[in-house]
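Here full-length UniProt numbering is used: position 6 in the sequence shown is 6, and no number is missing along the way. These notes are about the structure you will find just below.
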Amino acid sequence: MHSEDTCPVLQYYYSGFLALQTLIDYVKIKLDTGSPLPPPRVDLRQFPKRQHTGDWLVIFRVIMPMYMVMTLSQFITYLLMFVVGEKEKKIREGMRIMGLKDSVYWGSWFLIYAVFVTILSIVSTVLLFTLGVSFMYT
(Lines of atoms letter the chains of each structure in order from A and count residues from 1; the text may use other names and numbers.)
(Lines give C-alpha, C1' and ligand atoms only; values in the text may rest on other atoms or scores of the structure.)
Protein backbone atom coordinates (compact mmCIF):
# COMPACT_ATOMS: atom_id res chain seq x y z
CA MET A 1 0.00 0.00 0.00
CA HIS A 2 1.26 3.45 -0.84
CA SER A 3 1.98 5.97 1.85
CA GLU A 4 0.69 9.48 1.47
CA ASP A 5 4.01 10.60 -0.01
CA THR A 6 4.29 7.85 -2.63
CA CYS A 7 0.69 7.64 -3.86
CA PRO A 8 0.69 7.90 -7.69
CA VAL A 9 -2.49 9.98 -7.63
CA LEU A 10 -0.67 12.77 -5.80
CA GLN A 11 1.21 13.47 -9.03
CA TYR A 12 -1.84 15.47 -10.13
CA TYR A 13 -1.37 17.68 -7.08
CA TYR A 14 2.40 18.07 -7.27
CA SER A 15 2.53 18.60 -11.05
CA GLY A 16 0.15 21.56 -10.89
CA PHE A 17 -2.57 19.87 -12.95
CA LEU A 18 -5.00 19.94 -10.04
CA ALA A 19 -4.44 23.68 -9.51
CA LEU A 20 -4.97 24.38 -13.21
CA GLN A 21 -8.15 22.28 -13.33
CA THR A 22 -9.47 23.95 -10.17
CA LEU A 23 -8.74 27.41 -11.62
CA ILE A 24 -10.52 26.59 -14.89
CA ASP A 25 -13.54 25.21 -13.01
CA TYR A 26 -13.62 28.22 -10.68
CA VAL A 27 -13.49 30.75 -13.55
CA LYS A 28 -16.14 28.85 -15.56
CA ILE A 29 -18.53 28.68 -12.60
CA LYS A 30 -17.94 32.36 -11.75
CA LEU A 31 -18.58 33.46 -15.36
CA ASP A 32 -21.69 31.28 -15.70
CA THR A 33 -23.29 32.35 -12.41
CA GLY A 34 -22.01 35.94 -12.27
CA SER A 35 -21.90 35.90 -8.50
CA PRO A 36 -18.82 36.15 -6.30
CA LEU A 37 -17.60 32.79 -5.07
CA PRO A 38 -15.05 31.89 -2.44
CA PRO A 39 -12.07 30.05 -3.90
CA PRO A 40 -12.57 26.30 -3.81
CA ARG A 41 -10.83 24.21 -1.22
CA VAL A 42 -9.23 20.99 -2.41
CA ASP A 43 -8.80 18.07 -0.02
CA LEU A 44 -6.97 14.93 -1.04
CA ARG A 45 -7.40 11.65 0.79
CA GLN A 46 -6.51 8.13 -0.08
CA PHE A 47 -9.39 5.87 -0.84
CA PRO A 48 -9.36 2.88 1.51
CA LYS A 49 -8.60 -0.37 -0.23
CA ARG A 50 -8.00 -3.98 0.60
CA GLN A 51 -4.70 -5.41 1.56
CA HIS A 52 -2.46 -6.35 -1.37
CA THR A 53 -2.94 -9.87 -2.74
CA GLY A 54 0.24 -11.85 -3.30
CA ASP A 55 1.41 -12.43 -6.86
CA TRP A 56 1.27 -16.22 -6.53
CA LEU A 57 -2.46 -16.08 -5.77
CA VAL A 58 -3.10 -13.81 -8.76
CA ILE A 59 -1.21 -16.19 -11.02
CA PHE A 60 -3.15 -19.09 -9.50
CA ARG A 61 -6.44 -17.32 -10.28
CA VAL A 62 -5.37 -16.71 -13.87
CA ILE A 63 -4.09 -20.22 -14.53
CA MET A 64 -6.84 -22.14 -12.70
CA PRO A 65 -9.61 -21.58 -15.31
CA MET A 66 -7.28 -22.71 -18.09
CA TYR A 67 -6.33 -25.74 -16.01
CA MET A 68 -9.99 -26.61 -15.47
CA VAL A 69 -10.75 -26.38 -19.20
CA MET A 70 -7.79 -28.57 -20.05
CA THR A 71 -8.80 -31.07 -17.37
CA LEU A 72 -12.36 -31.35 -18.63
CA SER A 73 -11.24 -31.50 -22.26
CA GLN A 74 -9.45 -34.78 -21.55
CA PHE A 75 -12.84 -36.49 -21.44
CA ILE A 76 -13.24 -35.87 -25.15
CA THR A 77 -10.03 -37.81 -25.77
CA TYR A 78 -11.26 -40.77 -23.75
CA LEU A 79 -14.67 -40.61 -25.40
CA LEU A 80 -13.04 -40.78 -28.82
CA MET A 81 -10.81 -43.67 -27.72
CA PHE A 82 -13.78 -45.69 -26.46
CA VAL A 83 -15.93 -44.95 -29.51
CA VAL A 84 -13.10 -45.93 -31.88
CA GLY A 85 -12.45 -49.04 -29.76
CA GLU A 86 -16.11 -50.03 -30.05
CA LYS A 87 -15.97 -49.41 -33.77
CA GLU A 88 -12.89 -51.62 -34.14
CA LYS A 89 -14.56 -54.43 -32.18
CA LYS A 90 -17.78 -53.89 -34.17
CA ILE A 91 -19.83 -53.71 -30.96
CA ARG A 92 -21.95 -50.90 -32.38
CA GLU A 93 -22.71 -52.88 -35.54
CA GLY A 94 -23.82 -55.84 -33.43
CA MET A 95 -26.13 -53.59 -31.44
CA ARG A 96 -27.55 -52.08 -34.63
CA ILE A 97 -28.28 -55.59 -35.93
CA MET A 98 -30.15 -56.28 -32.67
CA GLY A 99 -32.28 -53.16 -33.29
CA LEU A 100 -30.51 -50.41 -31.36
CA LYS A 101 -31.15 -46.97 -32.82
CA ASP A 102 -28.31 -44.48 -33.30
CA SER A 103 -30.03 -41.91 -31.10
CA VAL A 104 -30.13 -44.36 -28.18
CA TYR A 105 -26.48 -45.30 -28.73
CA TRP A 106 -25.25 -41.70 -28.74
CA GLY A 107 -27.68 -40.79 -25.96
CA SER A 108 -26.09 -43.46 -23.76
CA TRP A 109 -22.62 -42.07 -24.43
CA PHE A 110 -23.84 -38.55 -23.70
CA LEU A 111 -25.52 -39.65 -20.47
CA ILE A 112 -22.47 -41.55 -19.21
CA TYR A 113 -20.13 -38.66 -19.86
CA ALA A 114 -22.60 -36.03 -18.64
CA VAL A 115 -22.82 -37.82 -15.28
CA PHE A 116 -19.04 -38.28 -15.15
CA VAL A 117 -18.28 -34.63 -16.00
CA THR A 118 -21.00 -33.38 -13.62
CA ILE A 119 -19.54 -35.31 -10.70
CA LEU A 120 -16.01 -34.08 -11.45
CA SER A 121 -17.27 -30.51 -11.93
CA ILE A 122 -18.98 -30.59 -8.54
CA VAL A 123 -15.82 -31.92 -6.91
CA SER A 124 -13.73 -29.23 -8.65
CA THR A 125 -16.18 -26.49 -7.65
CA VAL A 126 -16.15 -27.58 -4.02
CA LEU A 127 -12.36 -27.73 -4.11
CA LEU A 128 -12.04 -24.25 -5.65
CA PHE A 129 -14.64 -22.81 -3.29
CA THR A 130 -12.90 -24.17 -0.20
CA LEU A 131 -9.54 -22.85 -1.44
CA GLY A 132 -11.13 -19.44 -1.97
CA VAL A 133 -9.81 -19.20 -5.51
CA SER A 134 -13.07 -18.58 -7.35
CA PHE A 135 -16.51 -17.25 -6.57
CA MET A 136 -15.12 -14.59 -4.26
CA TYR A 137 -17.49 -11.87 -5.48
CA THR A 138 -20.35 -13.97 -6.82
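Ideal Cβ placement from N, Cα and C applies to all residues, glycine included.
- The residues 72, 75, in chain order, have a CB closer than 7 Å to that of residue 117 in the same chain once the five nearest residues on each side in sequence are set aside.
- Shortest Cα-Cα distance from residue 96 to any of 125, 89, 105 involves 105.
- In this structure, DSSP gives residue 11 a helical state, which the three-state scheme calls helix.
- The beta carbon of residue 17 sits closer than 6 Å to no other beta carbon from its chain once the five residues preceding and following it are set aside.
- Judged by DSSP in its simplified three-state form, residue 35 adopts coil rather than helix or strand.
- In the structure shown, the three-state DSSP call for residue 16 is coil.
- With distances taken between CA atoms, residue 112 lies nearest to 83 out of 46, 83, 59, 12.
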